[in-house]
Each structure stands twice: as C-alpha cells, then as structure tokens.
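Q:
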Amino acid sequence: MKKSTLTLLFFLLTTASLWSQNYDTSTTDLNLSKNKVAIDGYDLITYLTQEEPSEGSKEWQSNFNGARYYFINEANKLKFDANPNKFLPEFGGWCAYAVGAHSKKVGIDPESFTVEEGKLYLFYNGVFNDTREKWLNNHEALKSKAYSNWKKIIQ
Numbered sequence: 024m025k026k027s028t029l030t031l032l033f034f035l036l037t038t039a040s041l042w043s044q045n046y047d048t049s050t051t052d053l054n055l056s057k058n059k060v061a062i063d064g065y066d067l068i069t070y071l072t073q074e075e076p077s078e079g080s081k082e083w084q085s086n087f088n089g090a091r092y093y094f095i096n097e098a099n100k101l102k103f104d105a106n107p108n109k110f111l112p113e114f115g116g117w118c119a120y121a122v123g124a125h126s127k128k129v130g131i132d133p134e135s136f137t138v139e140e141g142k143l144y145l146f147y148n149g150v151f152n153d154t155r156e157k158w159l160n161n162h163e164a165l166k167s168k169a170y171s172n173w174k175k176i177i178q
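All the letters of the sequence shown, read from the start, carry residue numbers 24 to 178 under my numbering.
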C-alpha cells in the first residue's frame, strides 16, 4: 500500500514539473508583433472569464518580460499585474499543436484556443488547417510532447 502511494506521488510530482513552464524566456521565444505586442493585442484575462476573447486597448497595457499585453479594462490589467504567470499562454503564445506535433513555432489565430486546467493554449487556424481540432482529437499525447519539445525549442 505504501509503495503504491509513493509511486503515485512520484508520478504526480514529475508530471507537474514536466508541465510547468519557465517564463523567464527571451522575447525571441515569445510570439510577438514587431511592436512587441503579445497575442495580437487580445486580453489574456478574457480567455478565462468570457466565452469569446476580446481585443484589448493600448489604454490599459502592461509590460512583462519584454512583451506588451493589452486589456479591455483596468480591472483585467490589475489582475494580470498581480500574477502574470497565471494568465500567460503556454509555449510563448505559439501554436500548441505545432509545438507538440512538429516541434516548431507557428503563428496563431487568437480566436482559436482552448483552456485546459486553467492554462491557455492557442492555435493556428487556416482555411484548410484547423490545428485546434487536431489538438482536441489527441490533446493528452500532444500536450505531453509539446512540453517536452518546448524545453528544447527555448534552449
């Protein structure tokens, strides 16, 4: 009984460390516009609080790790400022599917996303290639591979 409990605890701890990210990456690892704006200016907080994300405004912006984030109001800006890592997208804001399936940084459509266990995953969505659907069809395997690939990409 004790051995199986310890084995389970070890598994959970190693899995959690695999899925945690270090956001002290350089801006070259982040998906930013030429003006260093993240996620095409969409408000990160709205991904978690609304059914559809909303574009933020330059009026309410924050800088974090060399990137600019826009918000729809001061309340969302203050939420982000209090704990930025809680709201940042996984894989630097690059397409989660491309990181998992191909170990590549690919741009995203900010309206193609999923939130899993409080984490934001963004996807490329072209005319004939909806990577969000591909992710959802095999997200557990792709997620594990994406976290492993991301560590190699940002080295």
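Backbone N, C-alpha and C fix where the C-beta goes; we use that ideal spot for every residue, glycine too.
Mapping the DSSP letters down to three states, classify phenylalanine 146 as helix, strand or coil.
A: By 1-based counting over the sequence shown, the position of residue 146 is 123. Three-state result, phenylalanine 146: strand.
Q: Can the beta-carbon of lysine 166 be found less than 9 angstroms from the beta-carbon of glutamate 134?
A: Numbered from 1 along the sequence shown, position 143 holds the residue referred to as residue 166. Numbered from 1 along the sequence shown, position 111 holds the residue referred to as residue 134. Contact flag unset, no.
Q: Using DSSP bridges, identify the partner residues of valine 129.
A: Sequence index remark: in the sequence shown, residue 129 carries index 106 (1-based). Looking at the DSSP assignment, valine 129 forms no beta bridge with any residue, so it has no partner.
Q: In the DSSP output, which residue or residues are listed as bridge partners for valine 138?
A: Within the sequence shown, residue 138 is the residue found at index 115, counting from 1. According to DSSP, valine 138 bridges with Leu143.
Q: Counting along the chain, where does the alpha helix (DSSP H) carrying asparagine 108 start and finish?
A: The residue labelled residue 108 in the question sits at position 85 within the sequence shown. Start and end: 107-110.
Q: In whole angstroms, what separates the C-alpha of alanine 98 from that of lysine 174?
A: The count along the sequence shown starts at 1 and reaches residue 98 at position 75. The count along the sequence shown starts at 1 and reaches residue 174 at position 151. Computed Cα separation, rounded: 33 angstroms.
Q: Under three-state DSSP, which class holds glutamate 82?
A: Against the sequence shown, residue 82 aligns to sequence position 59. Looking at glutamate 82 - three-state DSSP - the assignment turns out to be strand.
Q: Pick helix, strand or coil for phenylalanine 114, following the three-state DSSP scheme.
A: The sequence position of residue 114 within the sequence shown is 91, counting from 1. Helix.
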